[in-house]
Every structure is written in structure tokens, then in C-alpha cells.
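If you read the protein sequences in the order shown, they are chains A and B. According to my numbering, the first sequence is numbered sequentially starting from 1. According to my numbering, the second sequence is numbered sequentially starting from 1001. Every residue gets a Cβ at the ideal spot worked out from N, C-alpha and C, and that includes glycine.
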Amino acid sequence: MASAHDAERMGATPHWEPEDVIGKMTLSALLFSHDYRHIAIKGMLTSVVMLGLGGLMAILFRTELAYPDIQILDARPYMSLMTLHGMFMVFGFIIPFVVSIMYYMMPKILGTDELLWARGAQWSYWLLILAAVLLVISRPDFTWTFYPPMSLRVGGNLVWMGYLAVFLVALSEFIAGAVLLKNGLAAAKRKGYSKLPLMGWGAISEGLLLLLSTPILGLVGIVMLTDWLEVTALFDPARGGNVMTFMFMFWFYGHPAVYLPLMPAVAILYTLLPRFLGRPIWSYWSAVSAFALLTVLGFIVYPHHFQPAENVSGWLQRSVQILTLLIFVPSTLHVFNWIATLWAGKIPDSARRAVPFKFMIASIFFLMYGGVTAYVNAQIATDSDFVHNTYFVPAHFHAMFVGFMANMAMAGIYYLYPYFTARMYSQKLGDTHFWFWQIGIFTKVTMMYLLGFNYFPRWVVDYLDLPQWSIPQLILTGAAYLIGLGFILFVYNIMRSSTRGAVVSGDPWAIEGGEDTGSAEPVPAE
Amino acid sequence: MENALGLAGYQSTMIIIVFVVLGFGIAALFAALFLPTRWRLPYSMEFLFVGLLLVMVWYGDKQSAAIYEAYQAPLEEEGVLDVGYDPSEGEFDRSIRVLAFQWGFAFVDEEDAISRNAAVVQPGEKVLFSLFANDVIHGFNIPAAGITAEFEPGAERNVWIRAPQEPGKYLIQCLNYCGVGHSQMKAWLVVQGDEENDEGEA
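See the structure below:
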């Protein structure tokens, strides 16, 4: 049911032709150009490299975890790999990837063919690279949440670089947030808030999340550094500090942080779905309210990450529980909207065939699969039984990060591929990648849930040889290999198809078999 | 599983709700994809659905709070959380102080006897654990009793369990990353049988 504004929100700009951006670009253009296409391609390619590195680390430690006892990795290298895996995947792969897709799409929404404050996006990118290099050199082994005082007492002499990297990540994300908010607001100003495409609402939410949460992370990074240098002792109880200060500060960033990749992924879904179906989203305002609600709730539910704790009890604990449960509402508004859009009319054969569409459907599935268990996670009674710090938590966030966001990132890259290269990816390889990933991710997440339910502790290199632990672990490792194999196919596909794929001209995603849908622009407004 | 939180009923209800909602969502997604019938949902459907969700939220919050408050009640009534609590006067059958350190647990019983890796209890006893650490944040989890706690250095944390009825050795583990030895930070809850007298050395 389209509202009166939908025709306008769908846009009427002329069709955007596929072009061979990658083939025509020089290395210096790729590295330093402020053209939004170059910035976006650079961000996406780097993210794929980060995904490869983070995935390789996962493959290594999953090999170690396949059987009980220690075989190939000792505790320290294992924890370094685990820490870097988390940091690379979240800060290096998933957030920059979906943000880069936003960098690419916002100028289309704006109609400027130029990303506002592109210089900021450039700085954000290079600061992140610097942070990644520092992280690799310092090889921290204190997990991505680096809880003090543990994190102040582990690691080598170079661990200060890790804290510096945390600060740089915060700075980089802050700048990215400013760029996205600027572009989102400019688009809103140009088109009016009631006609702003949902990608624009995504950019505004994402910008707000980044701008408000990252300063605290930057502060945490600096204080960790000064605490480590023994200049201050804010977080170290042995010297008069308080761990809870860290908890409240870190998770004030930490919870919005998990929405940082979510918002753009949702916005990409809202952009691609109408494009493939040839009809507007079922309800525009439901999507906008869901974005707004999720942004607000994202900032106030963070104590659920460290409760039940001595300081989070009584009414605070209760209200956090209620607010956390309420996140169901905006996330379900999104999912409901997507399913209603799918149901509202015929699904064209061209969409059913398209690899990005398939990845999108899988994303919706995994958002539900990861999302429903939040019902158990949020409740304090189950939380203090089998949820808190068992594999139940990684199961939840891998379903979200990999199942939803990484699948959406893949949908985005397959969708944009013809626009970047003027060629089509190989359908067969794309399909194989799709099935390898979906089977792999589903198996992996399910095994993690099962392990969590059996109280398998997080962050362990070695575990007891109990059947309810060792069998799922072995299957989990197999699933990781399958996902790795899918990734190799994906890389081979995009490399090979960039020179040998079928040449595309006109609309690569033209809708087949439907009536004339009017809009063939690359980024339809919804 | 005899459960300290009395969760058996509540827990399975919650998991059934999760599966029902998931099944409903997947059914809707597959219907939208593969059923020949096309359906333009009226907007009122969404309000109805949000209403259902709010009921779910209300129910989950109510159940969880009731269970958790019932669990906390003995601690509060006994004054365990107050300063100067004397465990020998309480209604708990046994009170064990637990010092968590990098990387292990030390269990100190009421006679000040220390065990490095075993908390020895009798079947079905109500056992109070006073958790304490002075190095880093640790976790304390007894799967068989269904309880997990995280405690920061310097602060005492009290949890209680109903010991399993079946004599035997039950796992106690740290659930919070506390340094490279984290995966080795395990101990045993030894439930003594009537006939055999297990020393509990793992």
C-alpha cells in the first residue's frame, strides 16, 4: 500500500548506466581521489581484504577448536587471533563495508554526483588503515572488549598501540558519522523529510549513532593508554580505580556499535528490495519510525551487556530488561515491512534469479533467527543462567553480524558489481557462494546456540571432552570451512568476471515479465 | 535438572515462545516468497502485530522479574547483602567463600578449610557462595545449578544454589575472559553420596 508520496519518493531521475569504473581508474585515483565512487570502491575492496584476513584467523582458531585439548595454537596466539578476528570483522570489514555502500548511494539520493564532505570520508578511511596496522603490530590478546584490569596486565610491550588503535577507530568512525549525517540532512533538506528515501533516513540514524557514541570510545582508548602508562588509574581497582566506570563508558559505545553495521544494512535492504520487485516498500512511515526507535533505544539499553552485575540491580536492571525487550518492536517493524512488501505482489523471475536478491532473503531469515533469541537474552533470569558469556551470545551476534549484515554486504556488492565493472558476475559461482554461505552460517549459528545452551564458555582455547561440547564444535569447524570456501569462490568470481563476465549495458536489474514499473534508476527512493 | 532458579518451567516456556515466533516469521517469509496467493496486508495488521509483541514483552519481563526476585529473596531476607552478615546464623545449609584468581578458584568453608579445586556439599543442600576476586573480573558458573555470575575485583558477589540430588562431580567454570589461563579456570562441585565418601580431588 503505497502512500501518496511514493511516486515522488521513488524518484524520477534518468537511468544510471553501468560503467567500468574499476577498469578506468588509476591507482592514485583509487587511493586519493575524492570521487565518491573511488572512495566507495576503495572502502569495499579494503573491507573484502579485511574479511579475508579476519576469516583466515577464524579458520585458524576454529581448526584448533575442532577437537578438545591444544593441538596447533597455544593460549596466547589463540587469544590474539580471536581478538584480531573480532576487531577486523567489526571495525575493518562490516562497518566500513556497509558505510562505503552508503557513501556510494547517498550522492545518488542527493542527485549531486558528489559526496558532501568527501574529504572526511577519505580521512576516516586512512585513519582506520592506520588503526588496523597498529593493531596487527601490537597483537593484543585481551578480546575486543578489553575489560580492565585484565587488559592492563596482558599483552606485550607494544600493547599501547592497541589502545591508540581504539582511539583512532573512534576518530575514524566519528568522522564517517559526520559525513553520513551531513549527507543525510542535506538530502532531507533538498527533498523534504516526508520524501526522503529510506537510505537517507538510514544515513541520518547511522550518523547520529556514530557521532554520539564514538567520543566515549575515544575517551576510553585514551584512558586505557594513560592507565597502562600508569599516569592515571581510572579503571584499575588495585590503584583506586573502578571497573564499573569502564563498563558504563565502554558499553555506551558498545551497544550503539552493534547497530553501526545494522543501520546501513537495513537501509541497503530498503533500497534494493523495491528495485528488484519493481514496487515501493509496503509502508514508508513504519520504516522511518523503526529507524528512529532503534536509534533511540540503541543508546539506553547498553547495561544489558554486563548485567547481572552488582551495580546493575533493582529498578535499573528491571528497566534495562524492559527496554531491551522493546527492541523487538522496531526490529520487527523492519522485518514485517519487508515480508509485507514481498507478499504484496508478484515476485518477478528476474528477482528470483538475481544473486543479490537471494542474499537479501537470506538476510531477512537470519535477522529473524538471530533476533528472536534476544527474547531469552534480554531476560535477567535466563541471562544469569545459560546466556551470559556462554556461546549463546556469540551465536546471537554471529547470526546478526554474519547472517544479516555480512549477507547484506554481499547483496550490496553483487548488486553494485555491474555498475562498477560494466560486467556481470558469474551466475553459477554466485549461486554456489550463496548456498555455501547459507548452509555454513546456519549450521554455525545453530551449533553455537546449542553450545551456549550447554554452557560452553566463551574465549576458551581448550575445553573438556564432553559429547555435548565436542560434537557441535567439530561441526562448527566444518561450517567455518564451508564459509571460507564460499568466500574464495566469491573472490574468484569478482576477479574473473571483471574481465570475462558478460558485458552489461542498460539496466542490469531490469524487471522481467512485469508491467512497466516506471523506475529504472539505480537507487530507487525506497 | 534440579535448578536453583527454578527455571525449568519458565525457561522452556520462553524457548517455546522463541521457536513459535521464529516459526511464524519463517512461515510468513516462505509464504510471501512461494505461495501463489498475493496479499496486500492492511496497515492495521502491523498495529495488531506490534500489540502482540508488546504482550510478549510484558509477559517476558513479568516472568523473568518474578523468577529473579524469588531467587534474590533469600539473599535479601537473610541479610546476606548487608555488611557484617554472619553465615553461621543464616538459613543456608552451607556457606562457602570463593576466591577467584588468575587462574583458579579457592573454596573456603565455614571451618576455614581451603580447597583449591573442589566445593564439597551434600545432596539437595542450599549453598551460599560468596564470590570475591582481587585481580581481574572473573565469572562463576555452575551449569548443573543453572547459575552464572560476573564479579569485578574488590566487590563481593553472593549467589546461592540448590545442590544437585545426585551425588557426583559437577563442573564449576569461569565464564569471563580473565587472561590466557581462562580456559583452565575450572573446579568441581562435589556432591557427596551417603555411602561413598568422595574426597573431591579432580
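For this session: State the Cα-Cα distance for the pair V320 of chain A and A1144 of chain B, rounded to the nearest angstrom.
Result: Taking the first residue of the first sequence as 1, we reach residue 320 of chain A at position 320. Taking the first residue of the second sequence as 1, we reach residue 1144 of chain B at position 144. Computed Cα separation, rounded: 27 Å.
Exercise. Can you tell me whether DSSP reads Y253 of chain A as helix, strand or coil?
Worked result: Counting from one through the first sequence, the residue named residue 253 of chain A turns up at place 253. Helix, per DSSP.
For this session: Pick helix, strand or coil for Q468 of chain A, following the three-state DSSP scheme.
Result: Along the first sequence, read from residue 1 onward, the residue named residue 468 of chain A stands at position 468. Note: Q468 of chain A maps to helix in three-state DSSP.
Exercise. With 16 as the cutoff for other CB atoms within 10 Å, does G207 of chain A come out buried or exposed?
Worked result: Here residue 207 of chain A corresponds to residue number 207 of the first sequence, with the count starting at 1. It counts as buried.
Exercise. On the three-pair Cβ rule with 8 Å, is the segment 193-204 of chain A touching the segment 137-157 of chain A?
Worked result: no
Exercise. Quick check: the segment 473-487 of chain A against the segment 434-446 of chain A, are there 3 or more CB pairs under 8 Å?
Worked result: Yes, the segment 473-487 of chain A is in contact with the segment 434-446 of chain A.
Exercise. In whole angstroms, what separates the C-alpha of P77 of chain A from that of L342 of chain A?
Worked result: Residue numbering aside, residue 77 of chain A sits at position 77 when the first sequence is read from its first letter. Residue numbering aside, residue 342 of chain A sits at position 342 when the first sequence is read from its first letter. The straight-line gap from Cα to Cα measures roughly 47 Å.
For this session: Give the DSSP bridge partners of F1151 of chain B, in chain order.
Result: Translated into the one-based positions of the second sequence, residue 1151 of chain B becomes position 151. Partner(s): B:H1138.
Exercise. Does any C-beta atom of chain A lie closer than 7 Å to the C-beta of A1210 of chain B?
Worked result: Coverage of chain B is limited to positions 1001 through 1202, which leaves residue 1210 of chain B absent and any answer about it impossible.
Exercise. Relative to the alpha-carbon of H388 of chain A, which residue among B:G1146, B:M1185 and B:P1167 has its alpha-carbon at the smallest distance?
Worked result: For the purposes of this step, residue 388 of chain A is taken as the residue at position 388 of the first sequence. Its Cα nearest to that of H388 of chain A, the residue B:G1146 stands out among B:G1146, B:M1185 and B:P1167.
For this session: Give the straight-line distance between the Cα atoms of P508 of chain A and F276 of chain A, rounded to the nearest whole angstrom.
Result: Sequence index remark: in the first sequence, residue 508 of chain A carries index 508 (1-based). Sequence index remark: in the first sequence, residue 276 of chain A carries index 276 (1-based). Using only the alpha carbons, I get a separation of about 11 Å.
Exercise. Between the segment 1039-1055 of chain B and the segment 347-356 of chain A, are three or more C-beta pairs nearer than 8 Å?
Worked result: no
Exercise. Under 7 Å between C-beta atoms, does T63 of chain A make it to chain B?
Worked result: Here residue 63 of chain A refers to the residue found at position 63 of the first sequence. With 7 Å as the cut-off, T63 of chain A does not count as an interface residue toward chain B.
Exercise. Under 7 Å between C-beta atoms, does T373 of chain A make it to chain B?
Worked result: The sequence position of residue 373 of chain A within the first sequence is 373, counting from 1. At a cut-off of 7 Å between beta-carbon atoms, T373 of chain A makes contact with chain B.
Exercise. Using 8 Å as the Cβ pair cut-off and three pairs as the minimum, do the segment 221-233 of chain A and the segment 355-369 of chain A touch?
Worked result: no
Problem set entry | Inter-residue Cα distance where the pair is L1189 of chain B and Y270 of chain A | Sequence index remark: in the second sequence, residue 1189 of chain B carries index 189 (1-based). Sequence index remark: in the first sequence, residue 270 of chain A carries index 270 (1-based). Between L1189 of chain B and Y270 of chain A, the C-alpha separation is close to 52 Å.
Exercise. How many angstroms separate the CA atom of A1027 of chain B from the CA atom of P308 of chain A?
Worked result: To locate residue 1027 of chain B, count along the second sequence from 1; it is residue 27. To locate residue 308 of chain A, count along the first sequence from 1; it is residue 308. Their backbone Cα atoms lie some 35 Å apart in a straight line.
For this session: Give the secondary structure of Y414 of chain A by DSSP, where H, G and I count as helix, E and B as strand, and everything else as coil.
Result: Along the first sequence, one-based indexing puts residue 414 of chain A at 414. Residue state, collapsed to three classes: helix.
Exercise. Going along chain B in order, which residues have a C-beta closer than 8 Å to the C-beta of P280 of chain A?
Worked result: Position 280 of the first sequence, counted from the start, is the residue given in the question as residue 280 of chain A. Near P280 of chain A there are no residues of chain B at all, since even the closest Cβ is about 12 Å away, more than 8 Å.
Problem set entry | Burial state of G120 of chain A (16 or more Cβ within 10 Å) | Taking the first sequence and counting its residues from 1, the one referred to as residue 120 of chain A is at position 120. By the 10 Å Cβ count, G120 of chain A comes out buried.
Problem set entry | Test item: CB-CB of M424 of chain A and A354 of chain A under 7 Å | Indexing the first sequence from 1 puts residue 424 of chain A at position 424. Indexing the first sequence from 1 puts residue 354 of chain A at position 354. No, these two residues do not count as a Cβ contact at 7 Å.
For this session: Could you pull the start and end residues of the alpha helix (DSSP H) that A351 of chain A belongs to?
Result: Mapped onto the first sequence, residue 351 of chain A falls at position 351. Taken as a continuous stretch (DSSP letters only), the alpha helix (DSSP H) holding A351 of chain A covers D349 to R353.
Exercise. According to the neighbour-count rule (16 or more other Cβ atoms, all chains shown, within 10 Å of its Cβ), is W126 of chain A buried or exposed?
Worked result: For this step, residue 126 of chain A is matched to residue 126 along the first sequence. Looking at its Cβ environment, which holds fewer than 16 other Cβ atoms inside 10 Å, W126 of chain A is exposed.
Exercise. Is the CB of L1048 of chain B under 7 Å away from at least one CB in chain A?
Worked result: Indexing the second sequence from 1 puts residue 1048 of chain B at position 48. Taking Cβ atoms only, chain A never reaches closer than 7 Å to L1048 of chain B, which makes this a no.
Problem set entry | Rounded separation between N377 of chain A and L1175 of chain B - CA only | Residue numbering aside, residue 377 of chain A sits at position 377 when the first sequence is read from its first letter. Residue numbering aside, residue 1175 of chain B sits at position 175 when the second sequence is read from its first letter. Each residue's alpha carbon lies about 16 Å from the other.
Exercise. DSSP state of K1126 of chain B, grouped into three classes?
Worked result: Counting from one through the second sequence, the residue named residue 1126 of chain B turns up at place 126. DSSP, read as helix, strand or coil, puts K1126 of chain B in strand.
Exercise. Going along chain B in order, which residues have a C-beta closer than 7 Å to the C-beta of G345 of chain A?
Worked result: By one-based count along the first sequence, residue 345 of chain A stands at place 345. Counting only Cβ-Cβ distances below 7 Å, G345 of chain A has contacts in chain B at R1038, in chain order.
Problem set entry | Range covered by the alpha helix (DSSP H) that runs through N157 of chain A | Locating residue 157 of chain A in the first sequence gives position 157, counting from the first residue. Here N157 of chain A belongs to no alpha helix (DSSP H), and DSSP marks it neither H nor E.
Exercise. First and last residue of the alpha helix (DSSP H) that includes W285 of chain A?
Worked result: By one-based count along the first sequence, residue 285 of chain A stands at place 285. That run of the alpha helix (DSSP H) goes Y284 to G298.
For this session: Report yes if the CB atom of G177 of chain A is closer than 7 Å to the CB atom of L211 of chain A, and no otherwise.
Result: In the first sequence, counting from the first residue as 1, residue 177 of chain A sits at position 177. In the first sequence, counting from the first residue as 1, residue 211 of chain A sits at position 211. Yes, these two residues count as a Cβ contact at 7 Å.
For this session: Let me know if M495 of chain A comes out buried or exposed under the rule of 16 or more other beta-carbons within 10 Å of its beta-carbon.
Result: For the purposes of this step, residue 495 of chain A is identified with residue 495 of the first sequence, where counting begins at 1. It counts as exposed.
For this session: Mind checking who S1115 of chain B pairs with in its DSSP beta bridge?
Result: As a working mapping, residue 1115 of chain B is identified with position 115 in the second sequence. Paired residues: B:F1107.
For this session: Compare the C-beta of E526 of chain A with all C-beta atoms of chain B and state if any pair is closer than 7 Å.
Result: Translated into positions along the first sequence, residue 526 of chain A becomes position 526. Its pLDDT being 41, under 50, E526 of chain A is placed unreliably in this model, and the value from its coordinates should be taken loosely. Judged by the 7 Å Cβ criterion, E526 of chain A is not in contact with chain B.
For this session: Would you verify that the beta carbon of H1253 of chain B is, or is not, closer than 7 Å to some beta carbon of chain A?
Result: Not covered by the structure: residue 1253 of chain B. The range shown for chain B is 1001 to 1202.
Exercise. At a cut of 8 Å, does the segment 453-470 of chain A reach the segment 66-74 of chain A through at least three beta carbon pairs?
Worked result: Segments in contact, yes.
For this session: State yes or no: is the C-beta of V1120 of chain B within less than 7 Å of the C-beta of V1127 of chain B?
Result: Against the second sequence, residue 1120 of chain B aligns to sequence position 120. Against the second sequence, residue 1127 of chain B aligns to sequence position 127. Pairing V1120 of chain B with V1127 of chain B gives a Cβ-Cβ distance that is not under 7 Å.
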